[in-house]
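Listed in order, the protein sequences are those of chains F and E.
To convert, take the position in the first sequence, counting from 1, and add 1496; that gives the numbering used here.
To convert, take the position in the second sequence, counting from 1, and add 1496; that gives the numbering used here.
Where is the CB? At the ideal position from N, CA and C, for every residue including glycine.
There are 2 protein chains.
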Amino acid sequence: MQHCYIYMKKLLKNKKIRETSFRLEVLKVLSENENPISMDYLEQSLPKFDRITLYRTIKTFLDKGLIHEVLIAGESKKIALCSVECNEENHIHHLEHVHFFCENCKETFCLEIEKVPTIIIPNHSINSFEIQAKGICQNCK
Amino acid sequence: MQHCYIYMKKLLKNKKIRETSFRLEVLKVLSENENPISMDYLEQSLPKFDRITLYRTIKTFLDKGLIHEVLIAGESKKIALCSVECNEENHIHHLEHVHFFCENCKETFCLEIEKVPTIIIPNHSINSFEIQAKGICQNCK
DNA sequence: ATGTAAATGTAACAATGTTGCATTTAATAA
DNA sequence: TTATTAAATGCAACATTGTTACATTTACAT
Chain F
1497 MQHCYIYMKK LLKNKKIRET SFRLEVLKVL SENENPISMD YLEQSLPKFD RITLYRTIKT
1557 FLDKGLIHEV LIAGESKKIA LCSVECNEEN HIHHLEHVHF FCENCKETFC LEIEKVPTII
1617 IPNHSINSFE IQAKGICQNC K
Chain E
1497 MQHCYIYMKK LLKNKKIRET SFRLEVLKVL SENENPISMD YLEQSLPKFD RITLYRTIKT
1557 FLDKGLIHEV LIAGESKKIA LCSVECNEEN HIHHLEHVHF FCENCKETFC LEIEKVPTII
1617 IPNHSINSFE IQAKGICQNC K
């Protein structure tokens, strides 16, 4: 666990985010959950901390590219740790990154896929894109 | 304009949604706006109508597959009319449908693209997917 | 060790979305 | 056409989600 904190401190430093005990706790919850989590879940997981500070922390983490939002139609907003390739200029994770929503267990996953299509929209320049997929996950099949 | 109402009445009938003056007004605003609009904009556009009823109307339209949500990270939730192919079983519009957010003018667009990639996630079955792209739109280039 | 800018906690507020219930309306049958 | 009835609406009250202002505390560079 101690090792975990060392890793998280390094994460904050790399993203130029000031290290505080609150932020380490938020990071801890995020890193303990493999899948994207809701603000509500995060709030419940940090009962002794302030809700307003949590919102500000999340905003900072988003701005600095440490976490990303996962938006699935009909589902509440979720957040997840970015893969290491994210940075302040490009908040969108690796192109192989897909958000998958299982219509059976209602769980949301961040997945990596091998072959990513090239998407071309005539007369538009695409800086980044995300893919949201719905279906049945590995566990539910 | 009269013709417009006839078309909208047909739309409601096709989706088995009871026709009311309120719903026709909501549909009118939606069809007058080519791009997805926010709930706030919709509310402002219907000043003499009730906010609660609007939320219920939108829920009904979503459930029946008449409209779809457009979620872009960092942007407020928007809604747009579905293409005619949508139905109650498959709320996700045509596969060629892409949500495009212009980072210059901050406008959101529903676009159709010609070549849609096949997305394969090992051990998962995909029922539908959406693509969210960010970049610079036609007008801003 | 100290100064300073950033982060936090509290309170008050704003925006967004929901529930219960009485009334009105649309669609069906008589 | 009218009566019936289930659905839609409007109102009030409430729940959830997110923000702003400001005084206090903390991190960290010197």
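If you compare the alpha carbons of F/Ala1629, F/Met1504 and F/Tyr1551 with that of F/Leu1520, the shortest gap goes to F/Met1504. Using a C-beta cut-off of 8 Å, the region 1592-1603 of chain F makes no contact with the region 1509-1518 of chain E, since fewer than three inter-stretch Cβ pairs fall below that distance. Using a CB distance cut-off of 8 Å, F/Lys1602 does not count as an interface residue toward chain E. Not flagged as an interface residue toward chain F: E/His1593, since no C-beta distance is shorter than 8 Å.
For E/Gln1540, the three-state secondary structure derived from DSSP is helix.
Between E/Ile1627 and F/Ile1615, the beta carbon gap of about 6 Å places them in contact (Cβ cut-off 8 Å). Distance from the CA of E/Glu1539 to the CA of E/Leu1507, rounded to the nearest whole angstrom, comes to 21 Å. Residues of the region 1617-1632 of chain E with a Cβ closer than 9 Å to any Cβ of chain F, in chain order: Ile1617, Pro1618, Asn1619, His1620, Ser1621, Ile1622, Asn1623, Ser1624, Phe1625, Glu1626, Ile1627, Gln1628, Ala1629, Lys1630, Gly1631 and Ile1632. Burial state of F/Ile1609 is buried, judged by a 10 Å Cβ sphere holding 16 or more other Cβ atoms.
A Cβ of chain F is located within less than 8 Å of the beta carbon of E/Leu1567.
Taking the C-beta atoms as reference points, F/Leu1550 is found no nearer than 8 Å to F/Val1525. The three-state secondary structure of F/Phe1518, taken from DSSP, is helix.
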